[in-house]
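Asker: Mapping to the working numbering: the sequence shown position 52 is 68, numbers consecutive.
Where is the CB? At the ideal position from N, CA and C, for every residue including glycine.
Computed from a predicted model, the values in this text were never measured in an experiment.
The structure that follows is given in the form of structure tokens.
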Amino acid sequence: MKDLIINFSHQLRDAVKIGENFTLHSKKRSYKNVIISGLGGSGIGGTIVSEFVSDTSILPINVIKGYDIPKYINEDTLVICSSFSGNTEETIEVFKKSLHKNCEIVCISSGGFLIELAKQKNLNYILLPKAKSPRTMIGYSITQILFILYNYKIINYDFVNEILNSADLIDEYQNEIQNESKKITDILFGKIPILYSCEGFSGMITRFKQQLNENSKMLGFTNTIPEMNHNELVGWRNKNNNLAVIFFKNEKDYYRNIKRLEINKKIISKYTSSVIEIESKGNSIIENTFYLINLCDHVSYNLSKKNNVIAEEIDVIDYLKSELKKV
17 MKDLIINFSH
27 QLRDAVKIGE
37 NFTLHSKKRS
47 YKNVIISGLG
57 GSGIGGTIVS
67 EFVSDTSILP
77 INVIKGYDIP
87 KYINEDTLVI
97 CSSFSGNTEE
107 TIEVFKKSLH
117 KNCEIVCISS
127 GGFLIELAKQ
137 KNLNYILLPK
147 AKSPRTMIGY
157 SITQILFILY
167 NYKIINYDFV
177 NEILNSADLI
187 DEYQNEIQNE
197 SKKITDILFG
207 KIPILYSCEG
217 FSGMITRFKQ
227 QLNENSKMLG
237 FTNTIPEMNH
247 NELVGWRNKN
257 NNLAVIFFKN
267 EKDYYRNIKR
277 LEINKKIISK
287 YTSSVIEIES
297 KGNSIIENTF
307 YLINLCDHVS
317 YNLSKKNNVI
327 AEEIDVIDYL
337 KSELKKV
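Laid out in structure tokens, this is it:
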């Protein structure tokens, strides 16, 4: 896993090559809404994409992380089913229900039952390289979702250069990223992480929380500004040095949210001694996000070592799936 994190830039470049080679066979190219179905690493990829394109997409995008589909979807809906393994039961359920509704369906997977279904129904799909830990391959899923949206003329081509710029940025700062990750690791070790960002980066901090859950075997919590200013801020009342707070800051954050972040940091610093601010690098939301994903992946892996756990191990999830098979 460590090598995959260090070489994340290679994944981004390879993902672009795969997307460039995707040939779309479609009945039509005009739709009214988009559904992205996915769980875990695939699901958060959908969330991150929806934030990437919120101000450029010509269609509304809804991310589904469960079994059910909205009543409104029909033949005018583009459904993107993303499951790295191809065997995620919730995503397969959404696939079947969407097929029944005559939706346009595109699948993203490294194989499994999802690709078998796509082939049987003569549907569009993008085949990804296989990997032992699907959560390390988020660059592939994000990039392919963007290429699908582009092929259906929902977004423009600008994202490609931004992904390639992200790869260059990560290469340029890789030593700095690894050094910073060690400092962050020391701050989070033995504490419960609470992660805050401004709106537009909730997918990224959720991704970090998920990596802490799976790789580091730790609990963690997230919220966004300004939403947390209307509820969670009041919960900061008693001093608790078992909590470690990270504020993620980006150049593209709305100016009033930046001011809110500064005030929140001042308030919360009264209640825990571990409060830090991390600022991304890059010139676009895509570059900012991929930079922070790589930094935070290093942190979660470092914490797995300090916690003396195996980052790749997810025995409890495997147990859950085995129990579900009995139902």
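Going by the beta-carbon positions, is the gap between Phe111 and Leu133 smaller than 8 Å?
Answerer: Yes, these two residues count as a Cβ contact at 8 Å.
Asker: Taking only three categories from DSSP, how would you classify Asp329?
Answerer: The sequence given here has Glu at residue 329, not Asp. Coil at Glu329, not helix or strand.
Asker: Assuming Leu162 contacts Val95 (C-beta within less than 8 Å), just tell me the rounded distance between them.
Answerer: Not confirmed; about 16 Å, so no contact.
Asker: Among Leu28, Ile77, Ser73 and Ser42, whose alpha-carbon lies nearest the alpha-carbon of Ile52?
Answerer: Ranking the options by Cα distance to Ile52, first place goes to Ile77.
Asker: Quick check: Ile89 and Cys123, are their CB atoms within less than 8 Å of each other?
Answerer: No, these two residues do not count as a Cβ contact at 8 Å.
Asker: With H, G and I counted as helix, E and B as strand and the rest as coil, what does DSSP make of Val95?
Answerer: If DSSP states are grouped into helix, strand and coil, Val95 belongs with the strands.
Asker: Would you kindly work out how many angstroms separate the C-alpha atoms of Leu165 and Ser99, rounded to a whole number?
Answerer: For Leu165 and Ser99, the distance between alpha carbons rounds to 17 Å.
Asker: Which partner residues does Ile85 have in the DSSP bridge list?
Answerer: None, per the DSSP bridge assignment.
Asker: Assuming Arg151 and Glu230 are in contact, meaning their beta carbons sit under 8 Å apart, how far apart are those beta carbons, in whole angstroms?
Answerer: The Cβ separation is near 6 Å, so the contact holds.
Asker: Using a Cβ-Cβ cutoff of less than 6 Å, which residues in the same chain neighbour Lys113 once the five nearest sequence positions on both sides are dropped?
Answerer: These residues qualify, in order along the chain: Ile85.
Asker: Just the C-alpha distance for Tyr168 and Gln160, rounded to the nearest angstrom, thanks.
Answerer: Rounded to the nearest angstrom, the two C-alpha atoms are 12 Å apart.
Asker: Which of the three DSSP states, helix, strand or coil, is assigned to Ile171?
Answerer: Three-state DSSP puts Ile171 in coil, outside helix and strand.
Asker: On the three-state DSSP scale, how would you describe Leu211?
Answerer: Note: Leu211 maps to strand in three-state DSSP.
Asker: Put Glu295 into one of helix, strand or coil per three-state DSSP.
Answerer: Of the three classes helix, strand and coil, the one that applies to Glu295 here is strand, per DSSP.
Asker: What did DSSP end up calling Thr240 once you bin it into helix, strand or coil?
Answerer: In this structure, Thr240 counts as strand in the three-state DSSP scheme.
Asker: Tell me whether Glu188 is buried or exposed, calling it buried when 16 or more other Cβ atoms sit within 10 Å of its Cβ.
Answerer: The residue in question, Glu188, is exposed, as its Cβ has fewer than 16 Cβ neighbours within 10 Å.
Asker: Less than 8 Å between the C-beta atoms of Tyr271 and Lys18, yes or no?
Answerer: Not a contact, by the Cβ cut-off of 8 Å.
Asker: Is the beta carbon of Ser213 closer than 8 Å to that of Leu259?
Answerer: No. Outside cutoff.
Asker: Give me the Cβ distance between Tyr307 and Leu185, rounded to the nearest whole Å; I'm assuming they're in contact under 8 Å.
Answerer: Confirmed, about 6 Å.
Asker: At what residues does the beta strand (DSSP E) containing Phe263 begin and finish?
Answerer: It spans Leu259 to Lys265 - the beta strand (DSSP E) in which Phe263 sits, taken as one unbroken run.
Asker: I need the DSSP call for Asn318, collapsed to helix, strand or coil.
Answerer: Of the three classes helix, strand and coil, the one that applies to Asn318 here is helix, per DSSP.
Asker: Once DSSP output is grouped into helix, strand and coil, what is the label at Asn78?
Answerer: DSSP places Asn78 in strand when its eight states are reduced to three.
Asker: Indicate the three-state DSSP secondary structure (helix, strand or coil) for Asp53 in the structure shown.
Answerer: Going by the sequence as given, residue 53 is Ser instead of Asp. Strand, per DSSP.
Asker: What number of angstroms, rounded off, separates the C-alpha of Glu91 from the C-alpha of Lys48?
Answerer: Approximately 9 Å, taken between the alpha carbons.
Asker: Three-state secondary structure (DSSP) at Cys312?
Answerer: In this structure, Cys312 counts as helix in the three-state DSSP scheme.
Asker: Taking the beta strand (DSSP E) that Leu143 falls in, what are its first and last residues?
Answerer: Unbroken beta strand (DSSP E) run through Leu143: Asn140 to Leu143.
Asker: Just to confirm, is the Cβ distance from Glu178 to Ile302 under 8 Å?
Answerer: Yes, the Cβ-Cβ distance between Glu178 and Ile302 is below 8 Å.
Asker: Between Leu139, Ser126, Asn138 and Ile171, which has its C-alpha nearest Ser157's C-alpha?
Answerer: Of the listed residues, the one whose Cα sits closest to Ser157 is Ser126.
Asker: Compare the C-alpha of Ser344 against each of Thr63, Ile74 and Gln190 and name the closest.
Answerer: Outside the shown range of the chain, which is 17 to 343, sits residue 344, and nothing can be said about it.
Asker: DSSP state of Ser66, grouped into three classes?
Answerer: Three-state DSSP puts Ser66 in a helix.
Asker: Ignore the nearest five residues each way along the sequence and tell me which others in Ser25's own chain have a CB closer than 7 Å to its CB.
Answerer: Same-chain partners within the cutoff: Ala183, Ile186 and Asp187.
Asker: Does DSSP put Ser114 in a helix, a strand or coil?
Answerer: Helix at Ser114.
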